[in-house]
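Worksheet: one structure, shown below.
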Amino acid sequence: VSPESYEAMIPLAGRPMVDFVSLALENSPSIGQVAVVGPSELDYLKGKKVSSVIPCGDTLMENLRRGLESFQPDKMVLVATADIPLLTAAAVEDFLAQAKKYQADFYYSIIEKGVGEAKYPDCKRTYVRLKDGTFTGGNLLLLYPRILEQGWELAENMYRLRKEPLKMCRLLGWGFFAQLLLGRLTISKLEDRFEQLLGAKGKAIISPYPEVGIDVDKPADYELAAKYIGNRSPVAM
């Protein structure tokens, strides 16, 4: 996508991509302190709600750990990746508002296929067909830091196997794979299984904002983000 060493620094509409994510969080009334995990070049983000820029590690999981360590373990933390430049404050607020309706230890964003394709018909994403509908994963996660710590090994394995569904099924169980193939697997069954594995209650939040799942991982993603952002300044988001 870019010769930049760090994904967050990839230029988009004349600004580093992370600027758009940072601004969406800063403009969200429900967000308090923001910690950015990345290179020292991002120190310019400090101010308003960004209180610290934490040196990054070699992997996404290591960066996640470093970021969560800067917060209290028993207070909810919202995690957003730096590669979702179309994110808006409205999308963040909706995710948090929906999460408040449930009692869980962590919340994960998902987007229904029809919603994503209606707004961004030229966006190609990987979807999973469940009994409840067809969904793709989002890039917003709300959790207590202590939850990930107690299930760190599972989280690392799932991240490592994220592009190997057959091996991933060994973690969830082959019965789940069969239900998935038959279109019988439900969101609630997945939530229950993760609770068994992690010892913590999870809740999937269906976002009406496809922007939470449009991450820039390849040239086509970058072109799509550039198309919709155009020459707008992050201030306009």
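In the working numbering, the protein residues as written are 260 to 496. Note that beta-carbon positions come from the ideal geometry of N, C-alpha and C, so glycine has one too. Since the model is a prediction, treat every value here as computed from it, not as a measurement.
Using only the alpha-carbon positions, how far apart do residue i and residue j sit?
i    : j    : result
Q357 : M268 : 31 Å
E503 : Y303 : Because the chain is modelled from 260 through 496, residue 503 falls outside the range shown and cannot be assessed.
S281 : G397 : 17 Å
D364 : Y403 : 6 Å
K334 : P275 : 30 Å
R384 : Q331 : 34 Å
A341 : D474 : 8 Å
V277 : E371 : 25 Å
W411 : L456 : 11 Å
In terms of DSSP beta bridges, what is residue i paired with?
i    : result
V387 : F394
R324 : None, per the DSSP bridge assignment.
P270 : P275
Could you tell me if residue i is buried or exposed, where buried requires 16 or more neighbouring beta carbons within 10 angstroms of its beta carbon?
i    : result
Y361 : exposed
T318 : exposed
D381 : exposed
Going by Cα to Cα distance, which pick from the options is closest to residue i?
i    : options                : result
F394 : L456, G472, L319       : G472
K305 : L431, D317, Q292       : Q292
I369 : C382, A341, L400, G458 : L400
L284 : R429, S310, L389, L456 : S310
P469 : E415, S447, S289, P344 : P344
P270 : L301, S287, S329       : L301
T347 : S299, V387, F279, R405 : F279
L389 : D333, V351, A463, G458 : A463
I446 : G410, Y366, D474       : Y366
E352 : Y386, S329, P288, E408 : P288
Looking at the structure shown, is residue i part of a helix, part of a strand, or coil, going by DSSP?
i    : result
K378 : helix
I446 : helix
Y361 : coil
Y481 : helix
S299 : helix
G306 : strand
E412 : helix
L401 : strand
A285 : This sequence places Glu at residue 285; Ala is not what is there. DSSP places E285 in helix when its eight states are reduced to three.
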